[in-house]
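One structure below.
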Amino acid sequence: MDMEEALNSTIHPTCLEEPPLAVDVIKQLDVFGVALYSMLTLMSTLSLLLYLEECVFIYRKVPSPKKTTIMWVNGAAPVIATMACFGMWIPRATMFTDLTSNSYFAVVVYKILVLMIEESGGSEAFLKSNAQKTFNISVGPCCCCCPCLPRVPVTRCMLFMLKLGALQYAILKTVLSIVSIILWTNGNFDLSDLEITGTAIWINPFIGVLTIISLWPVGIMFMNICNTLRSVKIIPKYAMYQLVLVLSQLQTAIINILALDGTIACSPPFSSSARGTMLSQQLMIVEMFIITLVTRALYRRTYDSLPTDPHKTDNDQNTISLQAPQGEHTV
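As C-alpha coordinates, this is what we get:
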(Lines of atoms letter the chains of each structure in order from A and count residues from 1; the text may use other names and numbers.)
(Lines give C-alpha, C1' and ligand atoms only; values in the text may rest on other atoms or scores of the structure.)
Protein backbone atom coordinates (compact mmCIF):
# COMPACT_ATOMS: atom_id res chain seq x y z
CA MET A 1 0.00 0.00 0.00
CA ASP A 2 2.85 2.36 0.88
CA MET A 3 4.56 1.55 -2.40
CA GLU A 4 1.37 2.37 -4.35
CA GLU A 5 1.02 5.68 -2.51
CA ALA A 6 4.66 6.52 -3.24
CA LEU A 7 4.13 5.71 -6.90
CA ASN A 8 1.04 7.89 -7.11
CA SER A 9 2.88 10.74 -5.41
CA THR A 10 5.47 10.80 -8.21
CA ILE A 11 2.80 11.09 -10.94
CA HIS A 12 1.74 14.55 -12.00
CA PRO A 13 -1.85 15.16 -10.83
CA THR A 14 -3.03 16.06 -14.36
CA CYS A 15 -1.97 12.63 -15.60
CA LEU A 16 -4.79 11.12 -13.58
CA GLU A 17 -7.44 13.65 -14.58
CA GLU A 18 -9.86 13.77 -17.49
CA PRO A 19 -8.91 15.57 -20.73
CA PRO A 20 -8.36 19.33 -20.37
CA LEU A 21 -10.81 22.03 -21.40
CA ALA A 22 -10.35 23.83 -24.70
CA VAL A 23 -9.23 27.02 -22.94
CA ASP A 24 -6.53 25.06 -21.07
CA VAL A 25 -5.27 23.64 -24.37
CA ILE A 26 -5.00 27.14 -25.86
CA LYS A 27 -3.21 28.55 -22.79
CA GLN A 28 -0.48 25.91 -22.84
CA LEU A 29 0.35 26.34 -26.55
CA ASP A 30 3.79 27.75 -27.33
CA VAL A 31 4.91 29.19 -30.68
CA PHE A 32 5.40 25.74 -32.20
CA GLY A 33 2.06 24.58 -30.83
CA VAL A 34 0.23 27.57 -32.29
CA ALA A 35 1.87 26.99 -35.67
CA LEU A 36 1.05 23.26 -35.58
CA TYR A 37 -2.56 23.72 -34.56
CA SER A 38 -3.04 26.50 -37.14
CA MET A 39 -1.60 24.36 -39.94
CA LEU A 40 -3.72 21.35 -39.01
CA THR A 41 -6.84 23.51 -38.74
CA LEU A 42 -6.10 24.95 -42.19
CA MET A 43 -5.72 21.43 -43.62
CA SER A 44 -9.05 20.26 -42.22
CA THR A 45 -10.76 23.44 -43.43
CA LEU A 46 -9.34 23.01 -46.93
CA SER A 47 -10.46 19.37 -46.93
CA LEU A 48 -14.00 20.43 -46.11
CA LEU A 49 -14.03 23.26 -48.68
CA LEU A 50 -12.67 21.00 -51.41
CA TYR A 51 -15.33 18.44 -50.59
CA LEU A 52 -18.13 21.01 -50.78
CA GLU A 53 -16.84 22.24 -54.12
CA GLU A 54 -16.62 18.65 -55.33
CA CYS A 55 -20.24 18.07 -54.25
CA VAL A 56 -21.35 21.00 -56.42
CA PHE A 57 -19.42 19.59 -59.39
CA ILE A 58 -20.80 16.07 -58.91
CA TYR A 59 -24.35 17.38 -58.48
CA ARG A 60 -24.14 19.19 -61.82
CA LYS A 61 -22.21 16.64 -63.86
CA VAL A 62 -23.12 13.16 -62.58
CA PRO A 63 -26.57 11.63 -63.12
CA SER A 64 -28.74 10.48 -60.23
CA PRO A 65 -28.65 8.24 -58.17
CA LYS A 66 -24.92 7.75 -58.70
CA LYS A 67 -24.14 11.31 -57.61
CA THR A 68 -25.57 10.74 -54.13
CA THR A 69 -23.42 7.65 -53.66
CA ILE A 70 -20.28 9.43 -54.88
CA MET A 71 -20.93 12.31 -52.47
CA TRP A 72 -21.15 9.89 -49.55
CA VAL A 73 -17.96 8.05 -50.52
CA ASN A 74 -16.09 11.29 -51.23
CA GLY A 75 -17.03 12.70 -47.85
CA ALA A 76 -15.26 10.05 -45.76
CA ALA A 77 -11.86 11.77 -45.55
CA PRO A 78 -13.14 15.37 -45.13
CA VAL A 79 -15.65 14.39 -42.42
CA ILE A 80 -13.03 12.44 -40.47
CA ALA A 81 -10.53 15.32 -40.80
CA THR A 82 -13.13 17.85 -39.62
CA MET A 83 -14.15 15.75 -36.62
CA ALA A 84 -10.48 15.17 -35.75
CA CYS A 85 -9.93 18.94 -35.82
CA PHE A 86 -12.83 19.50 -33.41
CA GLY A 87 -11.48 16.78 -31.13
CA MET A 88 -7.99 18.30 -31.25
CA TRP A 89 -9.23 21.72 -30.08
CA ILE A 90 -11.86 20.35 -27.66
CA PRO A 91 -10.38 17.18 -26.10
CA ARG A 92 -13.45 16.46 -23.96
CA ALA A 93 -15.56 16.18 -27.13
CA THR A 94 -13.51 13.25 -28.42
CA MET A 95 -16.25 10.75 -27.63
CA PHE A 96 -18.70 12.62 -29.85
CA THR A 97 -16.26 13.34 -32.68
CA ASP A 98 -14.95 9.77 -32.87
CA LEU A 99 -18.39 8.19 -32.83
CA THR A 100 -19.60 10.66 -35.47
CA SER A 101 -16.67 9.80 -37.76
CA ASN A 102 -17.09 6.06 -37.22
CA SER A 103 -20.85 6.21 -37.84
CA TYR A 104 -20.33 8.14 -41.07
CA PHE A 105 -17.70 5.67 -42.28
CA ALA A 106 -20.04 2.79 -41.47
CA VAL A 107 -22.42 4.24 -44.06
CA VAL A 108 -19.50 4.64 -46.50
CA VAL A 109 -18.81 0.90 -46.28
CA TYR A 110 -22.32 0.26 -47.60
CA LYS A 111 -22.08 3.07 -50.15
CA ILE A 112 -18.86 1.72 -51.69
CA LEU A 113 -20.75 -1.50 -52.43
CA VAL A 114 -23.61 0.48 -53.96
CA LEU A 115 -21.10 2.51 -56.00
CA MET A 116 -19.68 -0.62 -57.63
CA ILE A 117 -23.20 -1.77 -58.52
CA GLU A 118 -24.13 1.62 -59.97
CA GLU A 119 -20.89 1.79 -61.95
CA SER A 120 -22.02 -1.52 -63.48
CA GLY A 121 -25.22 0.16 -64.65
CA GLY A 122 -27.45 -0.43 -61.65
CA SER A 123 -28.90 -3.53 -60.02
CA GLU A 124 -30.86 -4.72 -63.06
CA ALA A 125 -27.97 -4.21 -65.46
CA PHE A 126 -25.61 -5.87 -63.00
CA LEU A 127 -27.83 -8.95 -62.70
CA LYS A 128 -28.32 -9.14 -66.46
CA SER A 129 -24.63 -8.88 -67.34
CA ASN A 130 -23.63 -11.43 -64.68
CA ALA A 131 -26.59 -13.81 -65.02
CA GLN A 132 -24.43 -16.66 -66.30
CA LYS A 133 -21.52 -16.07 -63.92
CA THR A 134 -20.59 -17.29 -60.46
CA PHE A 135 -18.79 -15.28 -57.79
CA ASN A 136 -15.85 -16.45 -55.71
CA ILE A 137 -16.62 -15.83 -52.01
CA SER A 138 -13.24 -17.00 -50.67
CA VAL A 139 -12.08 -13.44 -50.03
CA GLY A 140 -11.04 -11.47 -46.97
CA PRO A 141 -11.49 -10.63 -44.25
CA CYS A 142 -13.70 -13.62 -43.39
CA CYS A 143 -12.91 -16.45 -45.79
CA CYS A 144 -9.61 -15.67 -47.52
CA CYS A 145 -8.18 -18.89 -46.02
CA CYS A 146 -11.09 -21.04 -47.26
CA PRO A 147 -10.43 -21.72 -50.98
CA CYS A 148 -12.67 -24.78 -50.82
CA LEU A 149 -15.84 -22.69 -50.61
CA PRO A 150 -18.08 -23.17 -53.66
CA ARG A 151 -18.66 -20.39 -56.14
CA VAL A 152 -22.05 -18.70 -55.80
CA PRO A 153 -24.28 -17.91 -58.81
CA VAL A 154 -25.22 -14.26 -59.27
CA THR A 155 -28.91 -13.98 -58.42
CA ARG A 156 -31.19 -11.33 -57.03
CA CYS A 157 -31.13 -13.08 -53.66
CA MET A 158 -27.33 -13.13 -53.61
CA LEU A 159 -27.20 -9.41 -54.41
CA PHE A 160 -29.69 -8.70 -51.63
CA MET A 161 -27.58 -10.65 -49.12
CA LEU A 162 -24.48 -8.69 -50.12
CA LYS A 163 -26.29 -5.40 -49.60
CA LEU A 164 -27.73 -6.60 -46.29
CA GLY A 165 -24.31 -7.69 -45.04
CA ALA A 166 -22.92 -4.18 -45.62
CA LEU A 167 -26.06 -2.32 -44.51
CA GLN A 168 -26.25 -4.01 -41.10
CA TYR A 169 -23.00 -2.33 -40.06
CA ALA A 170 -24.25 1.12 -41.05
CA ILE A 171 -27.41 0.66 -38.96
CA LEU A 172 -26.05 -1.17 -35.93
CA LYS A 173 -22.91 0.95 -35.68
CA THR A 174 -25.02 4.12 -35.52
CA VAL A 175 -27.32 2.59 -32.92
CA LEU A 176 -24.41 1.39 -30.78
CA SER A 177 -22.75 4.81 -31.08
CA ILE A 178 -25.88 6.47 -29.67
CA VAL A 179 -26.04 3.89 -26.87
CA SER A 180 -22.36 4.46 -26.09
CA ILE A 181 -22.86 8.23 -25.82
CA ILE A 182 -25.84 7.73 -23.50
CA LEU A 183 -23.85 5.36 -21.28
CA TRP A 184 -20.85 7.71 -21.34
CA THR A 185 -22.89 10.66 -20.12
CA ASN A 186 -24.05 8.47 -17.24
CA GLY A 187 -20.50 7.37 -16.43
CA ASN A 188 -20.99 3.76 -17.56
CA PHE A 189 -18.86 3.81 -20.72
CA ASP A 190 -15.10 4.28 -20.45
CA LEU A 191 -12.63 3.09 -23.09
CA SER A 192 -9.92 2.74 -20.45
CA ASP A 193 -12.10 0.42 -18.35
CA LEU A 194 -11.04 -3.06 -19.44
CA GLU A 195 -12.77 -4.90 -16.60
CA ILE A 196 -15.22 -7.65 -17.49
CA THR A 197 -17.97 -5.61 -15.84
CA GLY A 198 -17.32 -2.59 -18.10
CA THR A 199 -19.57 -1.87 -21.07
CA ALA A 200 -16.74 -0.91 -23.44
CA ILE A 201 -15.22 -4.41 -23.26
CA TRP A 202 -18.52 -5.82 -24.57
CA ILE A 203 -19.57 -3.16 -27.10
CA ASN A 204 -16.25 -2.71 -28.90
CA PRO A 205 -15.61 -6.40 -29.73
CA PHE A 206 -19.19 -6.69 -30.98
CA ILE A 207 -18.59 -3.70 -33.26
CA GLY A 208 -15.41 -5.39 -34.49
CA VAL A 209 -17.38 -8.49 -35.48
CA LEU A 210 -19.95 -6.33 -37.30
CA THR A 211 -17.11 -4.57 -39.14
CA ILE A 212 -15.61 -7.83 -40.39
CA ILE A 213 -19.00 -9.09 -41.53
CA SER A 214 -19.67 -5.86 -43.45
CA LEU A 215 -16.27 -5.85 -45.17
CA TRP A 216 -16.79 -9.36 -46.55
CA PRO A 217 -19.59 -8.59 -49.07
CA VAL A 218 -17.73 -5.47 -50.22
CA GLY A 219 -14.61 -7.56 -50.80
CA ILE A 220 -16.62 -10.21 -52.67
CA MET A 221 -18.07 -7.61 -55.01
CA PHE A 222 -14.74 -5.92 -55.67
CA MET A 223 -12.71 -9.06 -56.30
CA ASN A 224 -15.23 -10.34 -58.84
CA ILE A 225 -15.92 -7.17 -60.86
CA CYS A 226 -12.70 -5.15 -60.52
CA ASN A 227 -11.56 -6.11 -64.02
CA THR A 228 -14.90 -5.10 -65.52
CA LEU A 229 -14.78 -1.67 -63.86
CA ARG A 230 -11.09 -1.03 -64.48
CA SER A 231 -12.00 1.69 -67.00
CA VAL A 232 -13.69 3.77 -64.29
CA LYS A 233 -10.66 3.50 -61.97
CA ILE A 234 -12.43 1.33 -59.43
CA ILE A 235 -9.14 -0.13 -58.17
CA PRO A 236 -7.60 3.17 -56.95
CA LYS A 237 -11.01 4.22 -55.60
CA TYR A 238 -11.26 1.01 -53.61
CA ALA A 239 -7.66 1.45 -52.47
CA MET A 240 -8.50 4.89 -51.07
CA TYR A 241 -11.50 3.42 -49.26
CA GLN A 242 -9.32 0.69 -47.76
CA LEU A 243 -6.71 3.26 -46.74
CA VAL A 244 -9.32 5.34 -44.90
CA LEU A 245 -10.50 2.15 -43.18
CA VAL A 246 -7.02 1.21 -41.99
CA LEU A 247 -6.07 4.71 -40.85
CA SER A 248 -9.34 5.55 -39.10
CA GLN A 249 -9.85 2.18 -37.43
CA LEU A 250 -6.63 0.20 -37.10
CA GLN A 251 -4.21 3.09 -36.60
CA THR A 252 -6.46 4.70 -33.99
CA ALA A 253 -6.88 1.39 -32.15
CA ILE A 254 -3.11 0.82 -32.02
CA ILE A 255 -2.43 4.32 -30.67
CA ASN A 256 -5.17 3.95 -28.04
CA ILE A 257 -3.71 0.62 -26.91
CA LEU A 258 -0.24 2.16 -26.61
CA ALA A 259 -1.72 5.03 -24.59
CA LEU A 260 -3.59 2.71 -22.23
CA ASP A 261 -0.44 0.62 -21.81
CA GLY A 262 1.53 3.73 -20.82
CA THR A 263 3.88 3.55 -23.80
CA ILE A 264 2.71 7.04 -24.79
CA ALA A 265 3.80 9.08 -21.80
CA CYS A 266 1.69 11.60 -19.95
CA SER A 267 2.39 15.23 -20.85
CA PRO A 268 0.49 17.76 -18.71
CA PRO A 269 -2.20 18.90 -19.18
CA PHE A 270 -2.79 15.69 -21.19
CA SER A 271 -2.98 12.28 -19.56
CA SER A 272 -1.55 9.30 -21.45
CA SER A 273 -4.96 8.44 -22.91
CA ALA A 274 -5.75 12.04 -23.86
CA ARG A 275 -2.30 12.54 -25.40
CA GLY A 276 -2.65 9.37 -27.45
CA THR A 277 -6.00 10.58 -28.72
CA MET A 278 -4.50 13.97 -29.57
CA LEU A 279 -1.64 12.39 -31.53
CA SER A 280 -4.10 10.17 -33.38
CA GLN A 281 -6.22 13.17 -34.37
CA GLN A 282 -3.24 15.18 -35.57
CA LEU A 283 -2.04 12.30 -37.73
CA MET A 284 -5.56 11.77 -39.01
CA ILE A 285 -5.91 15.37 -40.20
CA VAL A 286 -2.73 15.18 -42.31
CA GLU A 287 -3.58 11.75 -43.72
CA MET A 288 -7.19 12.62 -44.55
CA PHE A 289 -6.09 15.86 -46.22
CA ILE A 290 -3.84 13.90 -48.60
CA ILE A 291 -6.57 11.34 -49.26
CA THR A 292 -9.03 14.17 -49.99
CA LEU A 293 -6.72 15.48 -52.72
CA VAL A 294 -6.32 12.01 -54.25
CA THR A 295 -10.04 11.18 -54.22
CA ARG A 296 -10.79 14.59 -55.74
CA ALA A 297 -8.58 13.69 -58.71
CA LEU A 298 -10.21 10.25 -59.03
CA TYR A 299 -13.84 11.37 -58.93
CA ARG A 300 -13.65 14.73 -60.69
CA ARG A 301 -14.94 13.45 -64.03
CA THR A 302 -18.08 11.91 -65.48
CA TYR A 303 -18.26 8.32 -66.61
CA ASP A 304 -20.16 6.76 -69.48
CA SER A 305 -22.46 3.87 -68.66
CA LEU A 306 -21.01 0.43 -69.26
CA PRO A 307 -22.71 -1.63 -71.99
CA THR A 308 -25.12 -4.18 -70.54
CA ASP A 309 -24.25 -6.63 -73.31
CA PRO A 310 -20.50 -6.83 -74.06
CA HIS A 311 -21.19 -8.19 -77.57
CA LYS A 312 -23.70 -5.51 -78.51
CA THR A 313 -21.06 -2.80 -78.96
CA ASP A 314 -18.99 -5.03 -81.24
CA ASN A 315 -22.06 -5.88 -83.35
CA ASP A 316 -22.99 -2.21 -83.70
CA GLN A 317 -19.47 -1.32 -84.79
CA ASN A 318 -19.43 -4.15 -87.34
CA THR A 319 -22.79 -3.00 -88.74
CA ILE A 320 -21.49 0.56 -89.16
CA SER A 321 -18.31 -0.65 -90.85
CA LEU A 322 -20.36 -2.78 -93.30
CA GLN A 323 -22.78 0.02 -94.13
CA ALA A 324 -20.00 2.46 -95.02
CA PRO A 325 -18.71 0.59 -98.12
CA GLN A 326 -22.30 0.03 -99.30
CA GLY A 327 -22.96 3.77 -99.17
CA GLU A 328 -19.82 4.47 -101.19
CA HIS A 329 -20.81 1.83 -103.78
CA THR A 330 -24.27 3.39 -104.18
CA VAL A 331 -22.79 6.79 -104.82
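Heads up, the working numbering is the position in the sequence shown plus 1, with the first residue counted as 1. Built from N, CA and C at the ideal position, the CB exists for glycine as well. Bear in mind the structure is a predicted one, so any value in this text is a computation, not a measurement.
From G166 to I265, what distance separates their C-alpha atoms?
Within the model, the alpha-carbon separation for G166 versus I265 is close to 37 Å.
For T200, collect the residues of the same chain with a Cβ closer than 6 Å to its Cβ; drop the 5 residues on either side in sequence, then sort them by chain order.
Excluding residues within five positions, the ones whose Cβ falls inside 6 Å are L184, N189 and F190.
Sequence ranges, alpha helix (DSSP H) only - wholly within the region 47-123, length at least 4:
If only uninterrupted alpha helix (DSSP H) runs of at least 4 residues are considered, those enclosed by the region 47-123 are 67-75, 77-90 and 95-120.
Quick check on DSSP: helix, strand or coil for P237?
Looking at P237 - three-state DSSP - the assignment turns out to be helix.
On a CA-only basis, which of S124, G141, F271 and S178 is nearest F161? Give me that one, please.
Out of S124, G141, F271 and S178, S124 has the C-alpha closest to the C-alpha of F161.
Can you give the Cα-Cα distance for I214 and A171, rounded to whole angstroms?
Rounded to whole angstroms, I214 to A171 spans 11 Å at the Cα level.
Can we say the region 289-302 touches the region 75-85, given the rule of at least three CB pairs closer than 8 Å?
In short, these stretches touch, since the Cβ pair count reaches three.
If Y1 sits next to V74, beta carbons under 8 Å apart, how far is it from one beta carbon to the other, in whole angstroms?
This structure cannot settle anything about residue 1, because the visible part of the chain is limited to 2 through 332.
How would you call S134, buried or exposed, if buried means at least 16 neighbouring beta carbons within 10 angstroms?
One detail in the question is off: residue 134 reads as Lys in this sequence, not Ser. Note on K134: under 16 other CB atoms within 10 angstroms of its CB, so exposed under the neighbour-count rule.
Using a threshold of 7 Å, is the CB atom of S45 nearer than that to any non-hydrogen atom of the ligand ATP?
For the structure depicted, the ligand ATP is absent and the ligand set is empty, with no information on it obtainable.
So, at 7 Å on beta carbons, what are the nonlocal neighbours of V295 in its own chain, with the 5 sequence-adjacent residues on each side left out?
M241, listed in sequence order.
CB of L100 within 8 Å of CB of I182, strictly
The Cβ atoms of L100 and I182 sit closer than 8 Å to each other.
Minimum C-alpha distance to I221 - residue among I138, F106 and T253
Answer by Cα proximity: I138.
Identify which residue in G141, L280 and T229 has its Cα closest to the Cα of V219.
The alpha carbon of V219 has as its nearest neighbour, out of G141, L280 and T229, the alpha carbon of G141.
Would you identify the three-state DSSP class for P269, choosing helix, strand or coil?
In the three-state DSSP reduction, P269 falls in the coil class, being neither helix nor strand.
If you compare alpha carbons, which of L150, V110, S104 and P20 is closest to Y239?
The shortest Cα separation from Y239 among L150, V110, S104 and P20 belongs to V110.
Counting pairs of Cβ atoms below 8 Å between the region 57-70 and the region 86-105, do you hit three or more?
By the Cβ rule, the region 57-70 does not count as touching the region 86-105, because fewer than three pairs are nearer than 8 Å.
For a test of the three-state rule: what should DSSP assign to T229, helix, strand or coil?
Per DSSP, reduced to three states, the secondary structure at T229 is coil, with no helix or strand assignment.
Am I right that S104 and S178 are in contact with their C-beta atoms under 8 Å? What's the rounded C-beta distance?
That belief holds up - the Cβ atoms of S104 and S178 are roughly 5 Å apart, short of 8 Å.
Tell me whether the beta-carbon of M117 lies closer than 8 Å to the beta-carbon of I235.
Judged by their CB atoms, M117 and I235 are nearer to each other than the 8 Å cut-off.
Residue range of the alpha helix (DSSP H) that includes D262
In this chain, the alpha helix (DSSP H) harbouring D262 covers T253 to D262.
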